[in-house]
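Reading the sequence shown from the start, the letters are residues 1 to 72 in UniProt numbering. We put the beta carbon where it would ideally sit given N, CA and C, even for glycine. No experiment lies behind these values; they were computed from the predicted model shown. Report on one structure; see the data block that follows.
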Amino acid sequence: MDELHSATWRKSSHSANGGNCVEVSDDIPGTVPVRDSKDPHGPALLFPAAAWSTFVTAVRTGGLDAPADSGR
């Protein structure tokens, strides 16, 4: 996907440890590419924008937290 070469990437707002985190781009309509900030020239995962939005909402609201009795 040629658009990835010229995409503007932003790091996660929760990045730590010198910025070792994920980066996303908002430049491709309908698709959210995600990559590892430590490997900016490596592969990117492509998610449908609606699926990414659902995932981010679930993370923000605690919908993906492990149950308290899961042993974690």
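When the distance is taken between beta carbons, is A58 closer than 9 angstroms to T31? Not a contact, by the Cβ cut-off of 9 angstroms.
Provide the residue(s) that pair with W9 in DSSP beta bridges, ordered along the chain. Per DSSP, S25.
Which of helix, strand or coil does DSSP assign to T31? Strand.
Quick one: residues in its chain with C-beta nearer than 7 angstroms to the C-beta of L4, no 5 flanking neighbours on either side, listed in chain order? By the criterion of a C-beta distance shorter than 7 angstroms, L4 is surrounded in its chain by P33, A44, once the five residues flanking it on both sides are discounted.
By a C-beta neighbour count over all protein chains shown, 10 Å radius and 16 as the cutoff for buried, is R60 buried or exposed? Counting other Cβ atoms within 10 Å of its Cβ, R60 stays below 16 and is therefore classed as exposed.
Host alpha helix (DSSP H) of A58 (start-end): Segment 49 to 60, the alpha helix (DSSP H) holding A58.
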